[in-house]
Amino acid sequence: MLRTPWGDADALRERRLPPGRSGDRDAARRDQRERLLAAMVASCTRKDYEATSVEDLLRIAGVSRATFYEQFEDKLDCFRAAENEIVAGGIAAIADELGGEGAEPGRPPAALAAFVRVIVAQPAAARLCLIESYAAGEAGMEPVRRAIDWAVLLARDAAQQLPDRAELPRELLRGIVAGIYQVVYARLLDRREGELPEMVPELWDWAMSFPAPPQPLRRPGRLIVSRPIAEAPPFASYSPEQRIIRGFAAAVAKKGYPATTIADIAAAASISQTTFYEHFEGKADALAAALDSSGAQLLAAVMPAVRRADDWRVAVRIGFEEICGFFAAEPSFASLRMVDVYGAGPEAIATRDATGREIVSRLLRPPAESERQPSDLMIEATVGAILGVFFEAIRAGKSAELPRLAPVLTYFSLAPLIGAEEACTVATSRGRAS
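So the sequence shown is numbered by this note's numbering: it starts at 671 and just counts up by one.
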């Protein structure tokens, strides 16, 4: 049985009302609509959104093509209708846990547990919203983004009721929500959502490990940019593949991955399409190369500077300064890795995430046995938090300002391990001093 919020997907055709005996016409239309929404969940689970056709929906739901187009404009319109109803149901479940008067301490963790219960009870619907929505483009992602914004406001309200958290910066709240999202996304992608309920206590402990910083998290000194941000490094001029990779990233940053064509890439790279095909089989091949190359360049920019630091805490700050500086200097790569990759599908996202886990794992594994070692779940949630902070800034067109986020990311990563006071001191310091 494939469960959906509108019933068993395998029994939808059996629900059809006999011709001429439907009685209430409005009720019949609602039933047809629900069967189509359930069919969308089923088809996305079995085939994914890209491979789903209107014909698939008609077959699963047992409705005519004319009936479908009476209800929806096209496949995307049907997807968004299903997504909106699923998201609304999840929000309602969380709101129920937060209802009532007063600020009871047990309500916020109960809301997290309620969210997880919704995921586990309806995994196919959850995958439609949290995984397949990326394949549906900007329109498909918009309901989920609205839900995340709502969750950030919810986190702010909950924080204001808790000691030492009333003044948490928005970036930290966004990071906490994004970290939880990353953990849920990974379990849904691997169809391991059954693991989530037992993770709720540790996730909540992680979310509660960020007191408000004792002083503003600001980068000391003046931000100096020594060259134009969009300028490519000299070696790219001598490598046709690098030229194409950079043209690919620039084209995708402008139009999004699904809408970008080979002609767009060739124009951005100032090459012919023949030259493109001399080096890459197609757009997917160029995407894989761009993620591989930009990830390798990111590691090369970050890790040598990190290794030269004598103190691992300072190395964390230096690491985030280098990451932010790299993305500020490479806005197309920043957009590709932090925003546009979501339109390229789960495999591309997993490739991107692997680099993030490698960097964060290296930064947050203290060498001394006396230091608190982060758990694998803490590393995973921290990576998600960092990705969420970058996503919001880059999507807002603020790539040039990313170096100002280095103190926030440093504090976020260190506070659960060494405490707020010391983490804040490290985050707002300069140079290589301990």
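Just so it is clear, CB atoms sit at the ideal spot from N, CA and C, and this is done for glycine as well.
query                                                                                                           : result
Bounding residues of the alpha helix (DSSP H) (the contiguous stretch that carries Pro1016)                     : Pro1016 to Leu1033
When Ala958, Glu812, Arg777 and Val757 are compared against Ala1014, the one with the closest alpha-carbon      : Ala958
Backbone secondary structure at Asp980 - three-state DSSP                                                       : coil
Residue interval of the alpha helix (DSSP H) (run including Asp744)                                             : Premise fails: Asp744 is in no alpha helix (DSSP H) and is neither H nor E.
Unbroken alpha helix (DSSP H) run spanning Ile914, endpoints                                                    : Pro910 to Lys925
Reduced DSSP secondary structure (H/G/I, E/B, other) of Ala679                                                  : helix
Whole-number beta carbon distance between Ala709 and Ala736, since they are thought to touch under 8 Å          : Actually they are not in contact, since the Cβ atoms of Ala736 and Ala709 sit about 16 Å apart, beyond 8 Å.
Residue range of the alpha helix (DSSP H) that includes Phe1003                                                 : Pro1001 to Met1008
DSSP-derived helix/strand/coil call for Arg673                                                                  : strand
Validate contact between the stretch 870 to 886 and the stretch 907 to 917 using beta carbons, cut 8 Å, 3 pairs : no
Run of the alpha helix (DSSP H) containing Phe1061, from where it starts to where it stops                      : Asp1046 to Arg1065
Among Ala856, Ala970 and Arg750, the one whose alpha carbon lies nearest that of Ile789                         : Ala856
Buried or exposed (CB count within 10 angstroms, at least 16 for buried), Thr944                                : exposed
Extent of the continuous alpha helix (DSSP H) to which Val869 belongs                                           : In the sequence as displayed, the identity of residue 869 is Met instead of Val. From DSSP, the alpha helix (DSSP H) with Met869 extends over Leu866 to Ala877.
The stretch 844 to 863 / the stretch 753 to 760 touching (three or more Cβ pairs under 8 Å)                     : no
Simplified DSSP assignment, three categories, for Arg861                                                        : coil
Reduced DSSP secondary structure (H/G/I, E/B, other) of Lys953                                                  : helix
Same chain, Cβ closer than 8 Å to Glu771, neighbours up to 5 away in sequence not counted                       : Unreliable positioning characterises Glu771 in this predicted model, as indicated by a pLDDT of 46, which lies under 50. The coordinate reading is nonetheless provided below. If we look at Glu771 and ignore the five residues flanking it on each side, it has no Cβ neighbours.
Cβ separation of Leu1079 and Gln852, assumed to be a contact under 8 Å, to the nearest whole Å                  : That belief does not hold up - the Cβ atoms of Leu1079 and Gln852 are roughly 15 Å apart, past 8 Å.
Where Asp1023 falls, given that 16 or more other Cβ within 10 Å makes a residue buried                          : buried
8 Å contact criterion, which Val922 and Ala794 should meet: CB distance rounded                                 : About 30 Å; that fails the 8 Å criterion.
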